[in-house]
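**Student:** Numbering (our numbering), first residue to last: 5 to 348.
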Amino acid sequence: MHIVDLRSDTITKPTPSMLQAMAQAEVGDDVFGEDPTVNRLEEMAAKRLGKEASLFVASGTMANLVSQLAHCGRGDEIILGDQAHTFFYEQGGTAAIGAIHPRTVPNQPDGKIAPHDIEAAIRPDNIHFPLTRMILLENTHNRCNGTPLDVDYMNRVGKLAGSYELKVHVDGARIFNAAVALGVDVRDLTSEADSVSFCLSKGLAAPVGSLVCGSRPFIEKARRARKVLGGGMRQAGILAAAGIVALTEMVDRLADDHKNAGNLAQGLAEINGLSIDPEIVKTNIVFFNITRDDMTPEQLAGKLAEKGVRVLPTGMKQLRAVTHYHITADDIEYALGVFAKVLG
Ligand SMILES: *Cc1c(COP(=O)(O)O)cnc(C)c1O
Numbered sequence: 005m006h007i008v009d010l011r012s013d014t015i016t017k018p019t020p021s022m023l024q025a026m027a028q029a030e031v032g033d034d035v036f037g038e039d040p041t042v043n044r045l046e047e048m049a050a051k052r053l054g055k056e057a058s059l060f061v062a063s064g065t066m067a068n069l070v071s072q073l074a075h076c077g078r079g080d081e082i083i084l085g086d087q088a089h090t091f092f093y094e095q096g097g098t099a100a101i102g103a104i105h106p107r108t109v110p111n112q113p114d115g116k117i118a119p120h121d122i123e124a125a126i127r128p129d130n131i132h133f134p135l136t137r138m139i140l141l142e143n144t145h146n147r148c149n150g151t152p153l154d155v156d157y158m159n160r161v162g163k164l165a166g167s168y169e170l171k172v173h174v175d176g177a178r179i180f181n182a183a184v185a186l187g188v189d190v191r192d193l194t195s196e197a198d199s200v201s202f203c204l205s206k207g208l209a210a211p212v213g214s215l216v217c218g219s220r221p222f223i224e225k226a227r228r229a230r231k232v233l234g235g236g237m238r239q240a241g242i243l244a245a246a247g248i249v250a251l252t253e254m255v256d257r258l259a260d261d262h263k264n265a266g267n268l269a270q271g272l273a274e275i276n277g278l279s280i281d282p283e284i285v286k287t288n289i290v291f292f293n294i295t296r297d298d299m300t301p302e303q304l305a306g307k308l309a310e311k312g313v314r315v316l317p318t319g320m321k322q323l324r325a326v327t328h329y330h331i332t333a334d335d336i337e338y339a340l341g342v343f344a345k346v347l348g
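(1) Identify every residue that forms a DSSP beta bridge with Phe292.
(2) Can you tell which of Ala88, Lys51, Ile275 has the C-alpha that lies nearest to the C-alpha of Arg191?
(3) So is the beta-carbon of Asp364 under 6 Å away from any non-hydrogen atom of ligand 1?
(4) Let me confirm a value: Phe36 is counted as buried when at least 16 other C-beta atoms fall within 10 Å, else exposed. Which label applies?
(5) Assign Gly64 to one of three DSSP states: helix, strand, or coil.
(6) Check whether the Cβ atoms of Val188 and Val155 lie closer than 7 Å to each other.
(7) In three-state DSSP terms, what is Ala47?
(8) Below 6 Å, is the gap between the Cβ of Ala12 and the nearest heavy atom of ligand 1?
(9) If we call anything under 7 Å between Cβ atoms a contact, is Thr151 one with Asn181?
(10) Indicate whether Arg220 and Glu46 have their beta-carbon atoms separated by less than 7 Å.
(11) Which whole-angstrom value describes the C-beta separation of Ser214 and Met22, a residue pair presumed to lie in contact below a C-beta threshold of 8 Å?
(12) Nearest-angstrom Cα distance between Pro18 and Val8?
(13) So is the beta-carbon of Thr194 under 6 Å away from any non-hydrogen atom of ligand 1?
(14) Check this for me: beta carbons of Asp39 and Ala240, under 7 Å apart or not?
(15) For Ser195, does the three-state DSSP call read helix, strand or coil?
(16) Pair every Cβ in the stretch 100-113 with every Cβ in the stretch 80-89, then say whether three or more of these pairs are closer than 8 Å.
(17) On the premise that Phe291 lies in contact with Thr327, defined as a C-beta separation below 8 Å, what is that separation, rounded to the nearest angstrom?
(18) To the nearest angstrom, report how far apart Ala226 and Ala245 are at their CA atoms.
(19) Going by alpha carbons, who is nearest to Lys116 out of Ile280, Ile15, Ala339, Gly162?
(20) Looking at the unbroken beta strand (DSSP E) that takes in Arg223, where does it start and where does it end?
(21) Going by the DSSP bridge assignment, what does Gly85 pair with across the sheet?
(22) Per DSSP, which residues does Val174 bridge with? Please list them.
(23) Determine the direct distance from the alpha carbon of Arg238 to that of Ala269, and round the result to whole angstroms.
(24) Rounded to whole angstroms, what is the Cα-Cα separation between His120 and Met5?
(25) How big is the Cα-Cα spacing for Met299 and Thr41?
(26) Leu10 and Ala325 - do their beta-carbons sit closer together than 7 Å?
(27) Would you tell me roughly how many angstroms separate the C-alpha atoms of Ala76 and Pro282, rounded to the nearest one?
(28) Which term fits Ser205, buried or exposed, when burial requires 16 or more other beta carbons within 10 angstroms of its beta carbon?
(29) Under a Cβ-count criterion, where at least 16 other Cβ atoms within 10 Å of its own Cβ denotes burial, should Ser71 be classed as buried or exposed?
(30) Assuming Ile126 is part of the alpha helix (DSSP H), what are its boundary residues?
(31) To which residues of the same chain is Ala305 closer than 6 Å at the C-beta, ignoring the five residues directly before and after it?
(32) Cβ of Gly37 within 6 Å of any heavy atom in ligand 1?
The structure is reproduced here in structure tokens:
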């Protein structure tokens, strides 16, 4: 059966050149700072994001957690969107592990948090209140249709944070999707941020890992936080080798994923029983709704899966499809055909 797996870009498998690089990687003990391949990846990532230093970690969740632990202390407060991945999908590690208080403010449909909402949430100096320490932005915004947040907005929030002496962390799990979609250098999106994390293991197709980038003192704190979380890995160069290939060979091609996602959204918009505004799809994430009452998202996903098309139910009426390295333009055609058949 022809399988078109659109559940997530995390299902991507390492490319042939990644496997070759992994097999040949020069390695050492990274907890001693002696893995040359990890060191090379960290240098490369820092330069690419326009920061002094970077740290290789096991996952995006760990990247966000070590960043919060490095910027904040017990009882400090962070401001983040109510749709943020860090708030929704990271087991509340902010509070559970960090003893950091999450203050959510509404995400707009485009993933932004209105600057006046941020400003209104910043605590004045008062013995009753926690101390506001950090603002967390997400770019692209996963739960807000994968929308890229533009350079002006990122700079504006950075300046706002600076004027209150707050840190800014960018959860940039898909920051390269944002840069490619907006046609800008990724550094322009992160120049006002104190720290930024991104995933190698999503659209960039590496098997494992994320990087956190920031100033040298911040990265040293993040390195301590990684160790206490059990994230100090030894010959991690095996994994970092794939990450180097991801950064070198897999960024520019994200444009193909965006094109395929746009075509998928256009096609879904023409199918009876589904609703989606294709205009909102700017990167590789496609959320759509089922409008029929006789079928739940789970049932639709089940029927599609019987014909090889895998999507993710994400809400009472909502489903998600994500394009990635293994999805071709022909796969999109095929998937749309299956949708039409199942809903016809
Ligand atoms: C996937 C994702 C993460 C977490 O990454 P994991 O490697 O799955 O832990 C964090 N933030 C965003 C926006 C994500 O999409």
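Positions of the beta carbon are idealized from the N, C-alpha and C atoms, including for glycine. All of these numbers come straight from a predicted model, not from anything done at the bench.
**Tutor:** Reading it off the structure:
(1) Numbered from its first residue, the sequence shown carries residue 292 at position 288. For Phe292, which the question treats as bridged, DSSP gives the partners Leu323.
(2) Mapped onto the sequence shown, residue 191 falls at position 187. Checked all of Ala88, Lys51, Ile275; the closest Cα to Arg191 is Lys51.
(3) Residue 364 lies beyond the residue range present for the chain, which begins at 5 and ends at 348; the question has no answer from this structure.
(4) As a first step, residue 36 must be located in the sequence shown, where it is residue number 32. That one is exposed.
(5) What you label residue 64 is simply residue 60 of the sequence shown in a count that begins at 1. In the structure shown, Gly64 sits in a helix (DSSP, three-state: H, G or I).
(6) Taking the sequence shown and counting its residues from 1, the one referred to as residue 188 is at position 184. Taking the sequence shown and counting its residues from 1, the one referred to as residue 155 is at position 151. Taking 7 Å as the Cβ cut-off, Val188 and Val155 qualify as a contacting pair.
(7) As a first step, residue 47 is located in the sequence shown; it is residue number 43 there, counting from the start. Looking at the sequence itself, residue 47 is Glu, so the reference to Ala does not match. Of the three classes helix, strand and coil, the one that applies to Glu47 here is helix, per DSSP.
(8) Start at 1 with the first residue of the sequence shown, and residue 12 comes out as number 8. Looking at the sequence itself, residue 12 is Ser, so the reference to Ala does not match. Ser12: no, Cβ never under 6 Å from ligand 1.
(9) The sequence position of residue 151 within the sequence shown is 147, counting from 1. The sequence position of residue 181 within the sequence shown is 177, counting from 1. The answer is no: Cβ separation not under 7 Å.
(10) Sequence index remark: in the sequence shown, residue 220 carries index 216 (1-based). Sequence index remark: in the sequence shown, residue 46 carries index 42 (1-based). No, Cβ-Cβ distance for Arg220 and Glu46 is not below 7 Å.
(11) Against the sequence shown, residue 214 aligns to sequence position 210. Against the sequence shown, residue 22 aligns to sequence position 18. Not a contact, Cβ separation roughly 16 Å.
(12) Reading the sequence shown from its first residue, position 14 is the one you call residue 18. Reading the sequence shown from its first residue, position 4 is the one you call residue 8. Going by the C-alpha atoms only, they are around 17 Å apart.
(13) Looking up residue 194 in the sequence shown gives position 190. Thr194: no, Cβ never under 6 Å from ligand 1.
(14) The sequence position of residue 39 within the sequence shown is 35, counting from 1. The sequence position of residue 240 within the sequence shown is 236, counting from 1. Going by C-beta atoms, Asp39 is nearer than 7 Å to Ala240.
(15) If you number the sequence shown from 1, residue 195 lands on position 191. DSSP places Ser195 in coil when its eight states are reduced to three.
(16) yes
(17) On the sequence shown, residue 327 is found 323 positions in, with the first residue counted as 1. On the sequence shown, residue 291 is found 287 positions in, with the first residue counted as 1. Going by Cβ atoms, the distance from Thr327 to Phe291 rounds to 13 Å, so no, they are not a contact pair.
(18) Taking the first residue of the sequence shown as 1, we reach residue 226 at position 222. Taking the first residue of the sequence shown as 1, we reach residue 245 at position 241. Distance between the alpha carbons of Ala226 and Ala245 is about 22 Å.
(19) One-based indexing of the sequence shown puts residue 116 at position 112. Taking only the C-alpha atoms, the option nearest Lys116 is Gly162.
(20) Position 219 of the sequence shown, counting from 1, holds the residue named residue 223. The sequence as given places Ile at residue 223; Arg does not occur at that position. No beta strand (DSSP E) holds Ile223; the alpha helix (DSSP H) holding it covers 220-232.
(21) Residue mapping note: residue 85 aligns to position 81 of the sequence shown, counting from 1. Per DSSP, Val109.
(22) Residue mapping note: residue 174 aligns to position 170 of the sequence shown, counting from 1. Paired residue(s): Leu141, Val200.
(23) The count along the sequence shown starts at 1 and reaches residue 269 at position 265. The count along the sequence shown starts at 1 and reaches residue 238 at position 234. For Ala269 and Arg238, the distance between alpha carbons rounds to 43 Å.
(24) For this step, residue 120 is matched to residue 116 along the sequence shown. For this step, residue 5 is matched to residue 1 along the sequence shown. Their backbone Cα atoms lie some 52 Å apart in a straight line.
(25) Numbered from 1 along the sequence shown, position 295 holds the residue referred to as residue 299. Numbered from 1 along the sequence shown, position 37 holds the residue referred to as residue 41. Whole-angstrom Cα-Cα distance: 50 Å.
(26) Walking along the sequence shown from the start, residue 325 turns up at place 321. Walking along the sequence shown from the start, residue 10 turns up at place 6. It is a contact, given that the beta carbons lie within the stated cut-off.
(27) Numbered from 1 along the sequence shown, position 72 holds the residue referred to as residue 76. Numbered from 1 along the sequence shown, position 278 holds the residue referred to as residue 282. According to the sequence as given, residue 76 is Cys; it is not Ala. Cα-Cα distance, rounded: 39 Å.
(28) One-based indexing of the sequence shown puts residue 205 at position 201. Under this definition Ser205 is a buried residue.
(29) Position 67 of the sequence shown holds residue 71. Ser71 should be labelled buried.
(30) Locating residue 126 in the sequence shown gives position 122, counting from the first residue. It is not in any alpha helix (DSSP H) - Ile126 carries neither H nor E in the DSSP assignment.
(31) As a working note, residue 305 is residue 301 in the sequence shown. Hits under 6 Å: Val315, Pro317.
(32) Mapped onto the sequence shown, residue 37 falls at position 33. Not under cutoff, so the answer is no.
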